[in-house]
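Before any comments, here is the structure.
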Amino acid sequence: MYRGLTMEIDSDSTPLPTSQRLGSAISGVFLFFFGMPFTLAPLFILPGVFGESVMLSIFMVCFSIPFLLAGITVQIIALGAFRLALFPNSEFAQKQLEKTRSNNSEDYFSSKSPAEQRTQVREDQVESDGNFWSSVKPE
């Protein structure tokens with residue numbers, strides 16, 4: 002059996018409350034059915050085009066490939082969300098939750114924002130006497 006679907010129940014912690022599991026399941030179902038027309042686009046387009054001309058057939062095959070790939074991508078994301086809702090204690094769910102919980106806003110924003118930079122007092126830098134033109138004396 003697939004290792005990701007095994008139920009490893011940890012009695013100390015429940016990773017997702019029921020409301021979040023329900024939200025994940027609903028969004029997974031929504032995304033799955035949202036991606037289905039994009040996945041089925043080649044089946045809708047291609048049967049009417051084949052046989053008319055070779056160039057048109059090649060163009061329509063190439064035209065429908067991005068729709069197919071986008072639909073499959075959305076459906077894979079949907080199945081992941083649905084799987085997270087059904088099996089919250091699986092290894093897959095634990096890895097996904099660990100990814101999202103370990104991220105911190107400080108990891109992304111290491112420098113200060115423009116609003117924070119405006120509040121700092123700007124200090125004028127004093128020129129040092131070691132400059133070339135400072136040593137030149139007018140005659």
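The sequence shown lines up with residues 2 to 140 when you count with my numbering.
Where a beta carbon is used, it is the ideal one built from N, C-alpha and C, also for glycine.
| Check | Outcome |
| --- | --- |
| Pairing CB atoms from the region 31 to 39 with CB atoms from the region 85 to 95, are three or more of them under 8 Å? | no |
| Leaving out the 5 sequence neighbours to the left and right, which residues in its chain are closer than 6 Å to T120 when beta-carbon positions are compared? | none |
| Please look up how many angstroms separate the CB atoms of A71 and G29, rounded, as I've assumed it's under 8 Å. | Actually they are not in contact, since the Cβ atoms of A71 and G29 sit about 17 Å apart, beyond 8 Å. |
| Could you check whether the Cβ of A42 sits closer than 8 Å to any heavy atom belonging to the ligand GDP? | Although the ligand GDP was asked about, the structure shown includes no ligands whatsoever. |
| Count the other CB atoms within 10 Å of the CB of T19; is the residue buried (16 or more) or exposed (fewer)? | exposed |
| Could you tell me if S1 is buried or exposed, where buried requires 16 or more neighbouring beta carbons within 10 angstroms of its beta carbon? | Residue 1 is absent from the model: the chain starts at 2 and stops at 140. |
| Taking the Cβ atom as the reference point for each residue, do L44 and V50 lie within a distance shorter than 9 Å? | no |
| Just reading off the alpha helix (DSSP H) that P115 is part of, what are its end residues? | P115 to T120 |
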